[in-house]
Amino acid sequence: TISARPAPGYPLGQALADVEAIAAEVLPAGAQIDYRGDSRELKQSGNTLLITFAMALVVVFLVLAAQFESFIHPFVIMLTVPLAMLGAMLGLWFWGSSLNLYSQIGIVMLVGLAAKNGILIVEFANQLCDEGMEIVAATRAAATRRLRPILMTSIATVAGAIPLVLASGAGAAARTAIGVVIVFGVALATLITLVLIPIIYARLARYT
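First residue of the sequence shown? That's 1 in our numbering, and the numbers climb one at a time after it.
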């Protein structure tokens, strides 16, 4: 049994990769490695993250498709999810945190948090188009009128997660990981969504 703790700032995943590389050189060919504690949690969560994230995307997409009775509008809305993930990864890098079980939970949460901004714009633009307004004009009007609600909900979400980022004491690392993902993910997704969603909607709405 080998027990160790990574040096400050050194990711556990990288430490395990180094250990596995050394073990492949030193141990016999038939040797097997088992994990305990944080190492086991990291291995197990890493294997299930992609499946969980994919299922979250599918469920949200199908719910939106049922709501809008279209596959185009959910596609436009879901374009914000990669932007939120990019913001989450940048936040983890900037904060010096790692992609652990708790940050993965925050990333799954971002699927719904990032989609809400697109829903506000697309839903209102659809209503204007149904009233006879031209697509580009409806998109501009929707983006303008929904700017305040989008900013209000996003600021409220970010503000609500700041105490998680600044947490201290027992379990602070877990809360910080979730908070960082939410704060940076929602912030970046909101800023880019205000520009990206209207452009994509104006291009694709005619095909619905």
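Even for Gly, the Cβ is constructed at its ideal location relative to N, Cα and C.
Extent of the continuous alpha helix (DSSP H) run through residue i
i	result
G236	Residue 236 lies beyond the residue range present for the chain, which begins at 1 and ends at 208; the question has no answer from this structure.
I150	147-165
L12	12-26
Backbone secondary structure at residue i - three-state DSSP
i	result
M133	coil
I2	coil
S39	helix
A7	coil
Q127	helix
G30	coil
G118	helix
C-alpha gap between residue i and residue j, whole angstroms
i	j	result
G179	G132	43 Å
A23	A15	12 Å
G37	L62	37 Å
V195	L164	29 Å
A114	A29	47 Å
G96	I121	34 Å
L151	F71	26 Å
L64	V183	24 Å
A141	I135	10 Å
For residue j and residue i, believed in contact at Cβ under 8 Å, the rounded distance
i	j	result
G112	V60	6 Å
E20	I33	7 Å
T208	H73	7 Å
F124	R148	Not a contact, Cβ separation roughly 12 Å.
At which residue ranges does the segment 56-104 contain complete alpha helix (DSSP H) runs of 4 or more residues, listed in the order of the chain?
72-78, 80-95
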